[in-house]
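Student: Take this structure, written in structure tokens, and hold onto it; I'll ask about it next.
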Amino acid sequence: MTGYHDHSAQHPAPPGTPPPYASEPPPSWPQPSRGPHPPSASPASPALVAPPEKAQPALDDGPAVRPVPQRIWCVADDRMGLLALSVWTEQVPGRGEDADPFVAYHRESDQGVLAVFDGSGGAGAAPVWQASDGESRTGAWVGARVARLATDVWFHDVVDGEPAVPETLHDYLRFFQDHAPQRRSKISGTMRRQLPTTLASVHYRLVRPQGEPLLELRPLWAGDSRAYVLRPTSGLQVLTRDHTRESDALELLRTDPPMTNLVCADRDFTIDGQRLTYPLPCVLVAATDGFFGYVHTPADFEVMLLRTLEQAGTADEWADRIRREVQSYTADDASLAVVALGYHGFQDLRAQFTDRLEKLADRYLRTRPHGLDRLSPVPGEAGPGPAAAPEDPAGLPARVRVWQDSTWHAYRAGYETHLPPALEERT
Amino acid sequence: MSNAEQYQGNLQYAVDIVLCVDATGSMHPVLDTVKSSALQFHDRLDDVMAKKGKAISQLRLKVIAFRDFGDDASTAIQQTDFLQLPAQARNFEEFVRGIEASGGGDIPESGLEALALAINSPWETGLDRRRHVIVMFTDAPAHALGTHAGTQSYPASIPRSLDDLFEQWGYARSQTAVMEQSAKRLVLFAPDLAPWSDPIAEEWDLTLHFASKAGQGLEEFEMDEIIETIANSL
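These protein sequences, in sequence, are chains A and B. If you read the first sequence in my numbering, its first letter stands for residue 17, the second for the next number, and so on. If you read the second sequence in my numbering, its first letter stands for residue 601, the second for the next number, and so on.
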């Protein structure tokens with residue numbers, strides 16, 4: 017098992033928040049008459065994968081000039097065919113509103129969960145809590161961390177028999193949000209939310225219906241963070257549908273519309289879900305929009321994941337390359353959780369995606385309009401297609417638009433294979 | 601796009617902001633602050649957005665100063681076109697400096713007329729990641745729409761009821777909206793009175809409301825907070 021955890025910015029937890037996997041709940045923890053109970057599992061039972069305590073430096077960032085707001089963490093357990101990593105970065109040091117990604121696996125019952133949480137700064141910008149160091153924290157900051165705590169406790173209880181369904185996760189989130197610090201704000205209005213956050217998670221369980229192992233997947237989400245499944249043959253496939261009025265992923269990139277549903281303390285919210293089974297091996301991904309919302313075409317996110325995988329020699333290095341890559345293009349806090357299941361170690365994982373990356377490079381990198389960004393092909397090396405046309409800087413936006421439309425057209429069917437219908441379209 | 605090297609396509613925000621400013625007598629104590637802050641608006645918004653890591657590809661500002669059609673129709677509305685900043689900063693500055701707090705007559709003002717004009721502004725329809733933000737500064741309730749429809753210079757295009765104005769603002773799957781659902785925002789610095797708090801702040805979507813005290817200007821709001829709120833709404 018390997019792992020490192022680079023903390024350049026350590027955040028204090030909201031008051032009342034117990035440490036992860038505490039052996040005893042805090043005495044003052046509120047207890048509902050019926051509903052979730054606080055974290056109770058000891059590290060020995062059940063066997064959950066948790067971030068290690070020890071911090072180590074990130075890979076080759078050179079001499080430390082300034083703290084880089086980021087954390088990465090990974091674990092590789094070849095015996096279990098399990099590889100997990102998470103990446104967390106913040107745009108403004110000390111102000112990141114994404115919570116740490118949550119990744120846990122219970123060996124005895126062959127089930128796990130990965131989840132990300134993006135506190136919504138627009139809806140929850142007002143300060144609601146002051147940390148012991150005097151730092152004031154916004155409702156978005158607190159909301160994301162409270163949702164993470166609720167998900168952590170929920171998973172402990174799922175291991176003990178609680179159904180892993182949207183309704184139970186909703187109840188845990190509601191309970192913890194109700195008991196989290198809130199402050200009456202002088203700002204009101206329909207954009208305003210108390211402790212607003214997105215949540216995108218996948219609960220997975222290994223099942224053997226006819227002897228062959230399969231993964232039973234339960235994506236659960238609220239808001240516009242996303243969960244995916246990634247395989248060498250089919251590429252990245254989204255498992256969640258953003259809670260926005262628009263659902264076309266390219267249009268979402270172009271318009272960045274407001275959310276119609278997200279976890280919050282002061283209004284009703286919905287935890288959306290679907291259920292599917294999936295063959296092994298596969299990679300599960302959960303990400304906030306800092307990862308996929310600042311690219312030029314939806315395929316870019318998969319390209320980023322696979323390019324960094326190809327360049328890395330170990331899982332740790334993959335996590336660090338992802339961290340550096342996202343910091344080079346995003347304009348938001350960004351967090352990501354990845355769990356690869358059924359591969360024979362990191363080298364096998366990387367080798368299996370080589371052909372897929374080559375296919376993506378042909379379609380989405382070599383066709384890129386010159387001047388779009390640093391991923392544009394070098395003049396003279398471009399293949400056929402729009403990139404080979406004479407370059408006219410004034411025409412670049414139009415060329416980008418044509419390229420976006422055509423690449424999205426080629427990518428969309430595979431990407432949307434498991435896209436669930438909109439809430440209102442379901443019976 | 602003059603510099604292809606800087607092209608970031610859909611990753612920047614094209615921001616249109618309409619500032620609706622109550623220029624009646626009761627705003628006198630605070631109007632100078634609002635005006636001076638408006639003049640710094642471009643730099644400060646740029647600064648706040650940069651701190652958030654968000655880049656603005658285009659910023660246009662439009663100002664609508666309003667008073668009361670029932671008091672003096674000739675001064676009830678003064679407005680600019682959309683002015684592109686920083687290129688048209690001088691035009692913006694001249695207009696803002698010229699706003700004087702005066703008149704208003706009875707307590708309610710013609711704030712809804714200003715809001716209607718703002719909603720029907722010629723918003724940017726090209727570029728990506730558009731944001732169309734209306735910011736209302738007032739310390740008074742508003743006359744019902746159409747109350748002074750017969751007066752000279754009352755704009756004929758203004759809806760005759762709040763329900764009709766709501767139709768123009770739009771809602772989920774609305775067919776009558778004149779504003780883009782994904783782009784629009786309404787930020788109110790207005791008293792906790794009808795129509796601002798109820799129904800507008802409570803029922804219209806994508807609103808933020810700072811409740812001010814009626815008749816006491818907007819002293820309690822720091823401009824930093826106002827800019828921060830607008831930036832957070834983008």
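Every residue, glycine too, gets a C-beta built ideally from N, C-alpha and C. A quick note: this is a predicted structure, and the numbers were derived from the prediction, not measured.
1) At which residues does the alpha helix (DSSP H) containing residue 637 (chain B) begin and terminate?
2) What does the alpha-carbon distance come out to for the pair residue 624 (chain B) and residue 208 (chain A)?
3) Going along the chain, which residues of the stretch 249-269 of chain A sit with their C-beta nearer than 7 Å to a C-beta in chain B?
4) Count the other CB atoms, across all protein chains shown, that sit within 10 Å of the CB of residue 202 (chain A); report buried if there are 16 or more and exposed otherwise.
5) Mind checking residue 390 (chain A): buried by the 16 CB within 10 Å criterion, or exposed?
6) Just verifying my parser: in three-state terms, what is the DSSP assignment at residue 809 (chain B)?
7) What are the residues in the stretch 272-301 of chain A lying within 8 Å of chain B by C-beta distance?
8) Report yes if the CB atom of residue 717 (chain B) is closer than 7 Å to the CB atom of residue 664 (chain B), and no otherwise.
9) Excluding five sequence neighbours on each side, which residues of the same chain lie with their C-beta closer than 8 Å to the C-beta of residue 154 (chain A)?
10) Thinking C-alpha only, which one of A:306, A:132, A:223, A:161 is nearest residue 353 (chain A)?
11) Between residue 192 (chain A) and residue 129 (chain A), is the Cβ-Cβ spacing less than 7 Å?
12) So, are the CB atoms of residue 99 (chain A) and residue 331 (chain A) less than 7 Å apart?
13) Excluding the 5 residues preceding and the 5 following residue 425 (chain A) in the sequence, name in chain order all residues of the same chain whose CB lies nearer than 6 Å to its CB.
14) Below 6 Å CB to CB, which residues in the same chain sit around residue 436 (chain A) once its five sequence neighbours on both sides are set aside?
15) So that I know if they touch, is there some Cβ in chain A lying closer than 7 Å to that of residue 810 (chain B)?
16) Just tell me which of B:677, B:667, B:638, B:676 has its CA closest to the CA of residue 685 (chain B).
17) Kindly indicate if chain B contains any beta-carbon less than 7 Å away from that of residue 204 (chain A).
18) Determine the DSSP secondary structure at residue 157 (chain A), reduced to helix, strand or coil.
19) If you measure beta-carbon to beta-carbon, which residues of the stretch 679-692 of chain B are closer than 7 Å to chain A?
20) Determine the direct distance from the alpha carbon of residue 421 (chain A) to that of residue 415 (chain A), and round the result to whole angstroms.
21) Check distances from the C-beta atoms of the stretch 788-811 of chain B to those of chain A and list, in chain order, the residues that come in under 8 Å.
22) Pairs of beta-carbons, one from the stretch 246-254 of chain A and one from the stretch 291-305 of chain A, closer than 8 Å: are there three or more?
23) With distances taken Cα to Cα, identify the nearest neighbour of residue 794 (chain B) among B:682, B:743, B:659.
24) Does the CB of residue 644 (chain B) have a neighbour CB from chain A at under 7 Å?
25) From residue 656 (chain B) to residue 359 (chain A), what distance separates their C-alpha atoms?
26) Could you tell me which chain B residues have their CB closer than 9 Å to the CB of residue 348 (chain A), listed as they occur along the chain?
27) How should residue 709 (chain B) be labelled, buried or exposed, when 16 other C-beta atoms within 10 angstroms of its C-beta is the threshold for buried?
28) Measure the C-alpha to C-alpha separation of residue 761 (chain B) and residue 746 (chain B) and round it to an integer number of angstroms.
29) Do residue 619 (chain B) and residue 787 (chain B) come within 7 Å of each other at the CB atom, strictly closer than that value?
Tutor: On the basis of the data shown:
1) 628-639 is the span of the alpha helix (DSSP H), which, as asked, contains residue 637 (chain B).
2) Approximately 29 Å, taken between the alpha carbons.
3) Flagged, chain order: 261, 262, 269.
4) That one is exposed.
5) Classification for residue 390 (chain A): exposed.
6) The three-state secondary structure of residue 809 (chain B), taken from DSSP, is strand.
7) Answer in chain order: 272, 273, 274, 276.
8) The Cβ atoms of residue 717 (chain B) and residue 664 (chain B) sit closer than 7 Å to each other.
9) The residues 113, 135, 137, 140, 141, 142, 143, 144, in chain order, have a CB closer than 8 Å to that of residue 154 (chain A) in the same chain once the five nearest residues on each side in sequence are set aside.
10) Nearest Cα to residue 353 (chain A) within the set A:306, A:132, A:223, A:161: A:132.
11) Taking 7 Å as the cut-off, the beta carbon of residue 192 (chain A) is found no closer than this to the beta carbon of residue 129 (chain A).
12) Result yes, Cβ atoms of residue 99 (chain A) and residue 331 (chain A) sit closer than 7 Å.
13) Answer for residue 425 (chain A): no residue qualifies.
14) Answer for residue 436 (chain A): 257, 290, listed in chain order.
15) Chain A, which has a Cβ nearer than 7 Å to the Cβ of residue 810 (chain B), makes this yes.
16) When only C-alpha atoms are compared, the closest one is B:638.
17) By this cut-off, residue 204 (chain A) is an interface position.
18) Note: residue 157 (chain A) maps to helix in three-state DSSP.
19) Along the stretch 679-692 of chain B, none of the residues has a CB nearer than 7 Å to a CB of chain A.
20) So the two alpha carbons sit approximately 10 Å from each other.
21) Those would be 788, 797, 801, 802, 803, 804, 805, 806, 807, 808, 809, 810, 811, in chain order.
22) Between the stretch 246-254 of chain A and the stretch 291-305 of chain A, the count of Cβ pairs shorter than 8 Å is three or higher; the stretches touch.
23) Out of B:682, B:743, B:659, the CA that lies nearest to the CA of residue 794 (chain B) is found in B:743.
24) So no, residue 644 (chain B) is outside the interface.
25) One Cα belongs to residue 656 (chain B), the other to residue 359 (chain A), and the distance between them is close to 44 Å.
26) Those within 9 Å of residue 348 (chain A) in chain B are 652, 653, 654.
27) With 16 or more other CB atoms across the displayed protein chains lying within 10 angstroms of its CB, residue 709 (chain B) is buried.
28) Rounded to whole angstroms, residue 761 (chain B) and residue 746 (chain B) show a C-alpha spacing of 7 Å.
29) Taking 7 Å as the cut-off, the beta carbon of residue 787 (chain B) is found no closer than this to the beta carbon of residue 619 (chain B).
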